[in-house]
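Student:
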Amino acid sequence: MKRFLGYLVLGYFLLVSSSCNIDEDITTDLGKGEFYRARTAESKADWNKVYEYTPAPGQFINELKTGGFDGTQTTPEAAIIYAESRMSQTKEDGTPNPIWVSLGGFGGYIVVGFDHSIDNSGGYDIGIMGNSFRGSSEPGVVWVMQDENGNGLPDDTWYELAGSETGKPETIQNYAVTYYRPTEAQKPVQWTDNQGNSGEIDYLKIFHSQDYYYPAWIKEDSYTLTGTCLKARNYDTSGKGTYWVNEEYDWGYVDNFSSIDRLTDDANASAEANANHFRISDAIDADGKHKELEYIDFVKVQVAVNTKSGWLGEVSTEVLGFYDYNIKKEL
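In my numbering, the protein residues as written are 1 to 331.
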C-alpha cells in the first residue's frame with residue numbers, strides 16, 4: 001500500500017545503541033551441528049525457495065491489476081508459486097527486477113530458505129527488501145530458524161529478531177487476530193483479536209474491486225495469525241482524512257524507512273526495492289531472552305501492526321526479496 005499525495009518531511013536526530021533492549025540472560029547455544037550447510041563457491045546470496053505464503057486479508061490479495069493474482073491461486077502450493085514468481089522477476093538483460101508481495105493485514109507472513117546456512121557474523125547478516133520511503137513505513141517483524149532436525153523444512157523453533165520496539169510496554173507479544181470469511185462478495189473482512197477488540201479490513205472498491213480480500217487458498221471460514229504487534233505510528237496530517245503518513249521505526253523491521261539499517265541515505269522517492277538489514281545476534285526466545293544462534297536456515301517476515309490509514313487501507317508489509325548479506329559484503 002504505497003499511494004500518497006505528497007511527502008511529509010520528517011527530521012530526526014537519532015542516537016541509538018548498537019545493542020538490543022532485551023533481557024541479557026543467555027539461553028542455550030545452538031552451535032554448528034550435523035545439519036549445518038556450509039557455504040560453497042556455488043552458493044547464491046539470494047533466497048532460493050518460498051516455503052509458505054500466508055497473508056492476512058488485504059486489498060492486494062486475489063487482485064489482478066497490481067497484485068498479480070490471476071484466479072489460479074486456490075491452493076497453498078499455487079500461492080507459493082505466485083510469491084516465488086513475483087520475487088524472481090528479471091529484466092530483459094537478466095538483472096533482478098523483483099515485484100513486491102503483499103502480506104495483507106496484521107500477522108500475514110512469508111517463509112523463505114537459502115541454498116546454504118547463513119552464518120552469524122556478529123554484524124548484519126540478512127538483507128530483506130521492501131519498498132519503504134519517507135512517510136511510508138509498513139513494518140514487518142523478522143523471525144529466524146535453524147533446521148535442527150535436518151529435514152529441510154521450517155518446522156523447528158522460530159526466534160524473533162529484536163528491534164527498536166522490543167521490550168516496550170506498548171509492544172504486544174503473542175498478539176493474535178482471527179479473520180472471518182465474508183458471507184457476501186465485495187464486503188469488508190471482519191476480525192477479532194485476543195485483546196477483546198474487533199474491526200475490519202476495509203473493502204476499497206474504487207481501487208481494488210476483486211470480490212474477496214480473504215485469501216482464496218484458505219478453505220476454512222476463519223483463521224488466526226499470531227505474532228508481535230507494534231504500536232501503530234500512522235496518522236492523518238490533513239485533519240480531513242486525505243493525507244496519511246506511516247511513520248518509521250528506529251531499526252529492526254522490514255519495509256521500514258530506517259536511517260540505521262537501510263544502510264543508505266537514498267530517499268527512495270519512487271518506492272523501489274530497498275533493503276533493511278538484520279543481525280542473527282539479535283535473536284530472542286519466547287521469553288525475551290537473548291538466543292545464541294551460530295547460523296540460521298529459514299527466515300520469516302510477518303506484518304507487525306494492526307492498523308489502517310483511511311482511504312489507503314490496511315498497513316501491509318511488502319517484501320521483494322531476501323539475501324545473505326555476508327555474501328553481498330564480499331562482492
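Just so you know, even glycine gets a beta-carbon here, dropped at the ideal spot from N, CA and C. Fair warning: this is a prediction, and the values are worked out from it, not measured in the lab.
How many Å lie between Ile118 and Lys219 at the Cα?
Tutor: Taking the first residue of the sequence shown as 1, we reach residue 118 at position 118. Taking the first residue of the sequence shown as 1, we reach residue 219 at position 219. Cα to Cα, Ile118 sits roughly 35 Å from Lys219.
Student: Do Ala304 and Gly127 have their CB atoms nearer than 8 Å?
Tutor: Counted from its first residue, the sequence shown places residue 304 at position 304. Counted from its first residue, the sequence shown places residue 127 at position 127. Result no, Cβ atoms of Ala304 and Gly127 do not sit closer than 8 Å.
Student: Opposite Ile201 in the DSSP bridges: which residues?
Tutor: Mapped onto the sequence shown, residue 201 falls at position 201. Per DSSP, Val189.
Student: Decide if Gly107 is buried, meaning its Cβ has at least 16 other Cβ atoms within 10 Å, or exposed.
Tutor: By one-based count along the sequence shown, residue 107 stands at place 107. It counts as buried.
Student: Do the stretch 39-55 and the stretch 75-83 make contact, defined as three or more Cβ pairs closer than 8 Å?
Tutor: With the cut-off at 8 Å, the stretch 39-55 and the stretch 75-83 touch.
Student: Grab me the residues of Asn174's own chain with a C-beta within less than 7 Å of its C-beta, minus the 5 sequence neighbours each way, in chain order.
Tutor: Start at 1 with the first residue of the sequence shown, and residue 174 comes out as number 174. The residues are Thr226.
Student: Looking at C-beta atoms only, is the number of pairs between the stretch 207-219 and the stretch 272-286 that lie closer than 8 Å three or more?
Tutor: No: the two stretches stay apart, fewer than three of their Cβ pairs being nearer than 8 Å.
Student: Decide if Val101 is buried, meaning its Cβ has at least 16 other Cβ atoms within 10 Å, or exposed.
Tutor: In the sequence shown, the residue the question calls residue 101 occupies position 101. When all chains shown are included, Val101 counts as buried.
Student: Applying the criterion that 16 or more other CB atoms from any shown protein chain within 10 Å of the CB defines a buried residue, is Ile206 buried or exposed?
Tutor: In the sequence shown, the residue the question calls residue 206 occupies position 206. Exposed, since its Cβ has fewer than 16 Cβ neighbours within 10 Å.
Student: Could you give the DSSP three-state label for Glu77: helix, strand or coil?
Tutor: Here residue 77 refers to the residue found at position 77 when the sequence shown is read from its first residue. Here Glu77 sits in helix by DSSP.
Student: Mind pulling the beta strand (DSSP E) runs of 3 or more residues that sit fully within the stretch 98-174?
Tutor: 109-119, 126-130, 140-145, 159-161, all fully within the stretch 98-174.
Student: Return the chain-ordered list of same chain residues with a C-beta closer than 6 Å to the C-beta of Ser43, the five sequence neighbours on each side being excluded.
Tutor: Within the sequence shown, residue 43 is the residue found at index 43, counting from 1. So the list reads Asp115, His116, once near-sequence residues are dropped.
Student: Closer than 8 Å by C-beta to Trp217: which residues in its own chain qualify, once you throw out the five before and the five after it? Chain order, please.
Tutor: Sequence index remark: in the sequence shown, residue 217 carries index 217 (1-based). Gln73, Thr74, Thr75, Pro76, Ala78, Ala79.
Student: Would you kindly work out how many angstroms separate the C-alpha atoms of Tyr124 and Ala185, rounded to a whole number?
Tutor: The count along the sequence shown starts at 1 and reaches residue 124 at position 124. The count along the sequence shown starts at 1 and reaches residue 185 at position 185. Cα to Cα, the separation comes out at about 45 Å.
Student: Quick one: residues in its chain with C-beta nearer than 7 Å to the C-beta of Ser309, no 5 flanking neighbours on either side, listed in chain order?
Tutor: Within the sequence shown, residue 309 is the residue found at index 309, counting from 1. These residues qualify, in order along the chain: Asn234, Trp244, Asn246, Val315.
Student: Measure the Cβ-Cβ separation of Ile280 and Ala45 and say whether it is below 8 Å.
Tutor: To locate residue 280, count along the sequence shown from 1; it is residue 280. To locate residue 45, count along the sequence shown from 1; it is residue 45. No, these two residues do not count as a Cβ contact at 8 Å.
Student: Going by beta-carbon coordinates alone, are Asp255 and Thr317 separated by less than 8 Å?
Tutor: Position 255 of the sequence shown, counting from 1, holds the residue named residue 255. Position 317 of the sequence shown, counting from 1, holds the residue named residue 317. In this structure, Thr317 lies closer than 8 Å to Asp255 by Cβ.
Student: Shortest alpha-carbon distance to Pro96 belongs to which of Gly167, Leu331, Glu330, Leu320?
Tutor: Mapped onto the sequence shown, residue 96 falls at position 96. Nearest option by C-alpha distance: Leu320.
Student: Excluding the 5 residues flanking Lys231 on each side, which residues of the same chain have their C-beta closer than 6 Å to its C-beta?
Tutor: Sequence index remark: in the sequence shown, residue 231 carries index 231 (1-based). For Lys231, where only same-chain residues beyond five positions count, the Cβ hits under 6 Å are Glu170.
Student: Along the beta strand (DSSP E) that carries Lys49, what are the first and last residues, could you check?
Tutor: In the sequence shown, the residue the question calls residue 49 occupies position 49. It spans 49-54 - the beta strand (DSSP E) in which Lys49 sits, taken as one unbroken run.
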